[in-house]
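Colleague: Residue numbers (the working numbering): 9 to 397.
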């Protein structure tokens with residue numbers, strides 16, 4: 009099988025990944041490497057050139073300064089049609105069996121080609137409108153174009169793979185996409201894992217019961233629920249459970265001096281050896297990943313935590329219910345759950361530490377069985393094979 013691997017970004021050059029695309033680029037990179045491991049030949053069609061900058065700059069200025077609205081160039085039809093043109097030109101010189109886009113619908117929205125088109129993404133773009141903070145103030149032109157180009161893209165695709173049941177249902181409801189055209193395959197972890205059950209057992213055994221260490225990772229303090237994570241840690245200490253919170257990726261926005269039980273690491277560059285060593289150390293020492301997010305799709309950090317045997321505590325929003333199965337690899341709470349509900353869950357497990365150890369083992373088992381790239385790519389390979397035979 010030969011795949012035309014279609015991305016806007018340069019997924020092979022980590023130095024080109026900005027913070028806002030780091031997750032999607034890392035996922036596309038890992039998918040490509042595991043496809044190659046499955047003896048699939050890839051033709052990399054990215055990166056694509058970003059043209060029409062004069063027009064988009066003019067529109068951005070108009071919306072920003074006059075309309076006081078947000079405008080994104082990637083939702084501009086001229087841009088998406090130009091991406092499609094670039095892909096079509098590259099495809100003419102290839103004998104690919106399939107077109108696979110591992111980012112989102114932008115580069116394939118207006119793509120006309122003889123090959124079947126497959127997309128593997130975490131959600132519909134339209135579902136992010138008024139869900140993610142940076143999509144709360146979109147201009148009407150962007151909103152209209154997002155719906156139009158997403159409908160075009162999904163109707164062009166012969167196979168649509170989402171990372172959660174939530175995303176799949178959203179596509180079916182919003183765009184009336186047939187259920188038999190959509191499959192659900194969660195992403196893996198954007199950290200290389202070669203740990204065995206023996207390694208995880210040793211990691212669990214080496215952890216001290218006290219203090220209880222919570223790990224919060226995210227670049228958006230507000231959206232990722234940083235304040236809730238802080239309040240949980242504060243209340244746990246008040247209730248008599250010595251607890252530490254390590255915050256990675258952002259600065260805590262709290263109305264008091266940073267307590268001693270909070271540690272802050274602004275950013276860890278996982279593309280560097282020192283960064284990888286640091287993040288591995290933090291996961292190895294943590295008892296729980298704490299992510300009381302208010303808006304998310306299927307964050308990679310859940311699989312990353314589970315790959316170290318670290319249970320994930322989060323909220324029932326977006327696609328998190330597909331990733332986290334209660335009492336198997338963590339727990340999800342209602343968005344309006346009070347702080348005490350989180351605290352009681354953590355206190356109960358730490359007081360019955362053998363139960364915590366079992367949860368840690370089953371968290372790693374969930375990673376091994378369904379939340380790693382090897383399993384995910386094998387499933388996707390089979391879905392694509394079924395499509396072209």
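From the three backbone atoms N, C-alpha and C, an ideal C-beta is built for every residue, glycine too. Source: prediction; values computed, not measured.
#1: In terms of alpha-carbon separation, which member of 65, 315, 233, 111 lies closest to residue 196?
#2: For residue 218, collect the residues of the same chain with a Cβ closer than 6 Å to its Cβ; drop the 5 residues on either side in sequence, then sort them by chain order.
#3: For residue 47, count neighbouring C-beta atoms within 10 Å of its own C-beta (all shown protein chains included) and say buried if the count is 16 or more, exposed if not.
#4: Cα separation between residue 290 and residue 299?
#5: In chain order, which continuous runs of the beta strand (DSSP E) of length 3 or greater are located wholly inside the region 219 to 288?
#6: With burial defined as no fewer than 16 other Cβ atoms inside 10 Å of the residue's Cβ, what is the status of residue 73: buried or exposed?
#7: Work out the CA separation of residue 28 and residue 53 for me, nearest whole Å.
#8: Between residue 166 and residue 391, is the Cβ-Cβ spacing less than 7 Å?
#9: Residue 405 by DSSP, collapsed to three states: which one?
#10: Which residues bound the alpha helix (DSSP H) around residue 349?
#11: Considering only C-alpha positions, which residue in the set 97, 71, 248 is nearest to residue 121?
#12: If you draw a straight line from the C-alpha of residue 187 to the C-alpha of residue 132, how long is it?
#13: By DSSP, does residue 159 sit in helix, in strand, or in coil?
#14: Going by beta carbon distance, what residues of the same chain come within less than 7 Å of residue 180, once the five residues before and after it are set aside?
#15: Using CA coordinates, which residue listed in 86, 228, 24 is at the minimum distance from residue 63?
#16: Hey, out of 140, 109, 203, whose CA is closest to residue 161's CA?
#17: Tell me, to the nearest whole angstrom, how far the beta carbon of residue 231 is from that of residue 350; I am working on the premise that it is less than 8 Å.
#18: To test your reading of the DSSP string, which unbroken alpha helix (DSSP H) runs of 4 or more residues are found completely within the region 57 to 133?
#19: Verify whether the separation of the beta carbon atoms of residue 111 and residue 15 is less than 7 Å.
#20: Does the region 220 to 238 come into contact with the region 251 to 260, if we say contact requires no fewer than three beta-carbon pairs (one atom in each stretch) closer than 8 Å?
#21: Mapping the DSSP letters down to three states, classify residue 13 as helix, strand or coil.
#22: When the Cα of residue 346 is compared with those of 323, 335, 26, which residue comes out closest?
#23: Please work out which residues of its chain come closer than 7 Å, Cβ to Cβ, to residue 18, disregarding the five sequence neighbours upstream and downstream, and give them in chain order.
#24: What are the boundary residues of the beta strand (DSSP E) that includes residue 322?
#25: Is residue 126 near residue 12, with beta carbons less than 7 Å apart?
#26: I'd like to confirm the pairing. Which residues does DSSP put opposite residue 137 in its beta bridges?
#27: Ignore the nearest five residues each way along the sequence and tell me which others in residue 384's own chain have a CB closer than 7 Å to its CB.
#28: Over the uninterrupted alpha helix (DSSP H) stretch that includes residue 389, give me the two end residues.
#29: Note the first and the last residue of the continuous beta strand (DSSP E) segment covering residue 170.
#30: Return the CA-CA distance between residue 40 and residue 69, expressed in angstroms with no decimal places.
#31: Tell me where the alpha helix (DSSP H) around residue 41 begins and ends.
#32: Pull the bridge partners of residue 338 from the DSSP assignment, please.
Modeller: Result, derived from the coordinates:
#1: 315
#2: 250
#3: exposed
#4: 15 Å
#5: 220 to 225, 251 to 256, 270 to 273
#6: exposed
#7: 21 Å
#8: no
#9: Given a span of 9 to 397 for the chain in the structure shown, any question on residue 405 remains unanswerable.
#10: 347 to 359
#11: 97
#12: 15 Å
#13: helix
#14: 187, 190
#15: Taking only the C-alpha atoms, the option nearest residue 63 is 86.
#16: 109
#17: In fact, because the Cβ distance is near 18 Å, the residues do not count as touching under 8 Å.
#18: 61 to 69, 85 to 100
#19: yes
#20: Touching, yes, given that three or more Cβ pairs across the two stretches are closer than 8 Å.
#21: strand
#22: 323
#23: Exclusion of the five residues before and after residue 18 leaves 24, 54, 55 as the residues of its chain whose Cβ lies within less than 7 Å of its Cβ.
#24: 320 to 323
#25: No, the pair does not count as a contact, with Cβ atoms beyond the cut-off.
#26: Beta-bridge pairing links residue 137 to no other residue.
#27: 193, 194, 195, 196
#28: Counting along the chain, the unbroken alpha helix (DSSP H) around residue 389 starts and ends at 381 to 396.
#29: 167 to 170
#30: 37 Å
#31: Segment 30 to 45, the alpha helix (DSSP H) holding residue 41.
#32: 320
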